[in-house]
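*Asks:* I am attaching a structure below and will ask some questions about it afterwards.
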Amino acid sequence: MLDLKFVRDNAERVSLMLRDRQVDLDLKSFLELDEDRRSILKEVEELKRRRNVASEEIARIKKEHGDATERIGEMREVSQQIKTLDLQLAVIQQSFDEILMLIPNMPHDSVVVGRDERDNPVVKVWGEPPEFDFEPKSHWDVAESLGILDFERAARMTGARFALYWGIGAAMERALISFMLDLHTRLHGYLEVLPPFIVNSTSLIGTGQLPKFKQDLFKLEDFDYYLVPTAEVPVTNIHANEVLEEDDLPKYYTAYTPCFRSEAGSYGKDTRGLIRQHQFNKVELVKFVKPETSYVELENLLANAETILQELGLPYRVVSLCTADLGFSASKTYDIEVWLPGQNTYREISSCSNFEDFQARRANIRYRRKGQSRTDFVHTLNGSGLAVGRTLVAILENCQQRDGSVVVPRILRPYLGNVERITSRQQVFSN
RNA sequence: GGAGAGAUGGCCGAGUCGGCUGAAGGCGCUCGCCUGCUAAGCGAGUGUAGGGUCAAAAGCUCUACCGAGGGUUCGAAUCCCUCUCUCUCCGCCA
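Heads up, the working numbering is the position in the first sequence plus 214, with the first residue counted as 1.
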């Protein structure tokens with residue numbers, strides 16, 4: 215969330231931000247609510263002060279065996295008033311907090327104002343889309359003829375938007391996860407963590423999925439538990455309510471988790487294939503950094519994610535999300551989009567964001583500067599490094615051959631018993 | 001699932017019959033003194049959030065916080081209720 219003082223002092227900027235993000239929110243009545251809140255607070259605090267003073271007095275009178283009945287009677291009334299005002303305050307405070315939690319983050323100055331995703335500027339293009347001397351197939355055609363992906367049986371055992379992986383397809387998914395984790399831990403200095411795949415609502419509020427995006431989540435019946443929509447949630451919350459030391463920053467974590475999303479409101483989209491699933495695997499990168507370094511850290515995080523695609527030899531481009539497309543909690547986001555020949559387009563495979571202190575304030579993640587007693591909020595960042603299912607999609611589509619086989623990217627072969635080419639599901643590893 | 005014990009400040013730990021307890025004592029930490037250096041010793045300080053005051057910061061001041069929420073009371077760390085978490089034992093289980 216935003217700093218309340220910032221909202222008060224910069225109402226104009228905040229309301230421009232709401233416009234640029236196309237968010238409909240009545241800032242004016244929020245600020246009025248704040249006024250009411252503070253005036254009641256002032257009143258009730260004055261009454262509490264009086265009560266405290268009188269309490270001491272009563273204690274003294276009683277110690278001296280005097281008669282305090284009159285003071286007690288007075289205070290009984292004051293207490294009643296306090297109770298009434300506290301109740302009023304709680305009501306206002308609640309709707310006030312609700313609104314504050316619904317105000318999105320301020321975009322960074324470098325983020326362009328746009329109307330929708332078509333206004334996202336392309337900031338980089340890497341690699342050449344491969345040339346085919348045949349009509350490239352979609353990944354679901356490639357995969358189903360190899361027998362490595364099975365959507366039909368998955369739909370039968372669960373429902374739409376789930377996949378069953380067979381044989382080397384399953385092994386490939388596992389290989390990609392290992393490859394990504396190895397690269398980030400060994401080359402980029404991230405510490406591997408394996409968090410719970412279920413989190414509570416407090417954690418989801420901390421990172422910004424709740425209260426606004428409840429409909430996107432899978433909730434466990436009768437529990438305050440949700441399946442993680444991304445590892446960002448548990449990993450960022452590792453340090454919730456902690457005060458870190460300046461010397462401990464920056465902290466880099468990487469985690470593999472499955473991700474669960476209800477995909478409410480995307481019923482017609484990407485109905486075939488692996489692109490949009492209720493469950494998918496992802497390796498995530500999360501950083502906790504000092505405010506003054508967070509934008510340099512974002513560039514590095516993006517580069518770390520890009521390395522995976524470069525090592526796999528998959529062509530991609532990077533776009534910077536415009537104000538209309540920017541996520542609720544983010545100040546700035548780069549999307550990496552991988553080339554998919556089967557769809558003749560670039561598709562999102564990673565999203566790298568700087569949240570500045572927005573999540574840190576919600577989750578209460580602070581740090582203490584050396585030699586200073588006061589604390590500051592850290593800046594948090596995260597990015598996919600990468601979405602594993604979509605990486606498999608990209609490999610299947612970019613590395614497919616005329617005969618229906620798929621050439622395994624060189625870097626991945628050690629993870630697959632040095633198999634060079636996928637020709638069937640039951641392929642035996644060569645060593 | 002059954003039985004019991006507990007949750008206090010950065011940490012340990014005290015809080016009697018509810019009343020100067022934001023919280024004794026110790027450790028740690030910071031600054032200063034002392035010292036040939038280190039250690040020891042001595043002195044002072046050392047939570048968070050919110051409100052008010054102030055152009056702003058500092059400062060001053062008020063309010064709240066002893067796992068969370070509610071209740072009793074003029075007044076609750078202390079009494080009552082509910083919940084959460086931790087620990088021990090039994091059962092079950094990967």
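Note that beta-carbon positions come from the ideal geometry of N, C-alpha and C, so glycine has one too.
Quick caveat: nothing in here was measured; it's all calculated off a predicted structure.
1) Look at residue 566 and residue 598 and say whether their C-beta atoms are less than 9 Å apart.
2) Can you give me the C-alpha to C-alpha distance between residue 284 and residue 305, rounded to a whole angstrom?
3) Keeping to the same chain, check which residues put their C-beta closer than 7 Å to that of residue 615; ignore five residues upstream and five downstream.
4) When the Cα atoms are used, what is the spatial distance from residue 329 to residue 294?
5) Which complete alpha helix (DSSP H) runs does the segment 350-411 hold, if anything under 4 residues is left out?
6) On a Cα-Cα basis, can you pick out the residue from 320, 264, 249 that is closest to residue 229?
7) Just verifying my parser: in three-state terms, what is the DSSP assignment at residue 427?
8) Applying the criterion that 16 or more other CB atoms from any shown protein chain within 10 Å of the CB defines a buried residue, is residue 633 buried or exposed?
9) Do you know offhand how far residue 568's Cα is from residue 301's?
10) Does DSSP put residue 311 in a helix, in a strand, or in coil?
11) Counting along the chain, where does the alpha helix (DSSP H) carrying residue 177 start and finish?
12) Between the C-alpha atoms of residue 367 and residue 459, what's the straight-line distance to the nearest angstrom?
13) Report yes or no: do the segment 571-587 and the segment 357-365 share at least 3 C-beta pairs separated by less than 8 Å?
14) Out of 479, 315, 501, which one is the CA nearest neighbour of residue 462?
15) To the nearest angstrom, how far is it from the Cα of residue 466 to the Cα of residue 290?
16) Alpha carbon to alpha carbon, what distance is there between residue 339 and residue 356?
17) If I'm right that residue 237 touches residue 318 with Cβ under 8 Å, what's the distance once you round it to whole angstroms?
18) List, from N- to C-terminal side, the beta strand (DSSP E) runs of 3 residues or more that fit wholly inside the segment 261-286.
19) With distances taken from CA atoms, which of 617, 624, 473, 607 is nearest residue 555?
20) Could you check the C-alpha separation between residue 512 and residue 456 for me, to the nearest Å?
21) Could you give the C-beta distance for residue 623 and residue 526, rounded to a whole number, given that I count them as a contact under 8 Å?
22) Taking the straight line between their C-alpha atoms, what separation do you get for residue 297 and residue 274?
23) DSSP state of residue 574, grouped into three classes?
24) Tell me which residues share the same chain as residue 303 and place their Cβ nearer than 8 Å to its Cβ, disregarding the 5 neighbours each side in the sequence.
25) Report, in whole angstroms, the separation of the C-beta atoms of residue 604 and residue 563, which I expect to be a contact under 8 Å.
26) As an exercise, report each continuous alpha helix (DSSP H) stretch of at least 4 residues that is fully enclosed by the segment 529-607, in chain order.
27) Tell me the residue span of the beta strand (DSSP E) that contains residue 469.
28) Quick check: the Cα distance between residue 447 and residue 418, rounded to an integer number of angstroms?
29) Would a C-beta distance cut-off of 9 Å place residue 422 and residue 451 closer than the cut-off?
30) In three-state terms, what does DSSP make of residue 258?
31) Under the three-state reduction of DSSP, which class applies to residue 442: helix, strand or coil?
32) Per DSSP, what kind of secondary structure is residue 235 in: helix, strand or coil?
33) How is residue 626 classed by DSSP in three states: helix, strand or coil?
34) In the DSSP assignment, find the alpha helix (DSSP H) that holds residue 516 and state where it starts and stops.
35) Between the C-alpha atoms of residue 591 and residue 578, what's the straight-line distance to the nearest angstrom?
36) Around the Cβ of residue 411, are there at least 16 other Cβ atoms within 10 angstroms (buried) or fewer (exposed)?
*Replies:* The structure says:
1) yes
2) 33 Å
3) Closer than 7 Å at Cβ, skipping near neighbours: 621.
4) 53 Å
5) 353-360, 365-371, 381-400
6) 320
7) Reduced to three states, the DSSP call for residue 427 is coil.
8) buried
9) 39 Å
10) helix
11) No statement about residue 177 is possible, as the shown extent of the chain runs from 215 to 645 and does not include it.
12) 51 Å
13) no
14) 501
15) 56 Å
16) 26 Å
17) 6 Å
18) none
19) 607
20) 23 Å
21) Between residue 526 and residue 623 the Cβ distance is about 5 Å, and since that is below 8 Å, they are a contact.
22) 25 Å
23) helix
24) 251, 254, 255, 258
25) 5 Å
26) 572-577
27) The continuous beta strand (DSSP E) containing residue 469 extends over residues 465-474.
28) In a straight line, the C-alpha of residue 447 is about 6 Å away from that of residue 418.
29) no
30) The DSSP-derived three-state label of residue 258 is helix.
31) coil
32) Coil, per DSSP.
33) helix
34) 508-526
35) 7 Å
36) exposed
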